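Novice: In full-length UniProt numbering, the protein residues as written are 1 to 106. For glycine and all other residues, C-beta sits at the position ideal for the given N, C-alpha and C. Keep in mind it's a predicted model, so treat the numbers as computed, not measured.
#1: Please report the Cβ distance between residue 71 and residue 38, rounded to the nearest whole angstrom; I am assuming they are in contact, meaning their Cβ atoms lie under 8 Å.
#2: Identify whether residue 37 lies in helix, strand or coil by the three-state DSSP scheme.
#3: Per DSSP, which one or two residues make a beta bridge with residue 105?
#4: From the DSSP output, in three-state form, read off residue 68 for me.
#5: Hey, could you find the ends of the alpha helix (DSSP H) residue 17 is sitting in?
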């Protein structure tokens, strides 16, 4: 799993067919709670997509440019274009994120 930065974000996600990105912060309880589960999902779905994270506080302009208004937010990109997102209110558990990924990746 990659830690994505503003300077390379567009290039990195465009270089993969499918890229799943979780926007988070280090102080967000839901982000902390889903961190391990997101890593497990990255391993489980590694044959279908590349996974990465963006610290929405450190890369605030990137988060803003992608319309991230709550955290955690999970966005799936295909060839650099957003195809689906899971809003923070629905991304509070590994199970919620897994259900979302099953719909999008399978």
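Specialist: On the basis of the supplied data:
#1: Indexing the chain shown from 1 puts residue 71 at position 71. Indexing the chain shown from 1 puts residue 38 at position 38. No, residue 71 and residue 38 are not in contact; Cβ-Cβ is about 12 Å, not under 8 Å.
#2: Working through the chain shown from its first residue, we reach residue 37 at position 37. Shown here, residue 37 sits in a helix according to DSSP, grouped into three states.
#3: Counting from one through the chain shown, the residue named residue 105 turns up at place 105. The bridge partners DSSP lists for residue 105 come to none.
#4: In the chain shown, residue 68 corresponds to position 68, counting from 1. DSSP, read as helix, strand or coil, puts residue 68 in coil.
#5: As a working mapping, residue 17 is identified with position 17 in the chain shown. Looking at the DSSP string, residue 17 is not in any alpha helix (DSSP H), and its letter there is neither H nor E.
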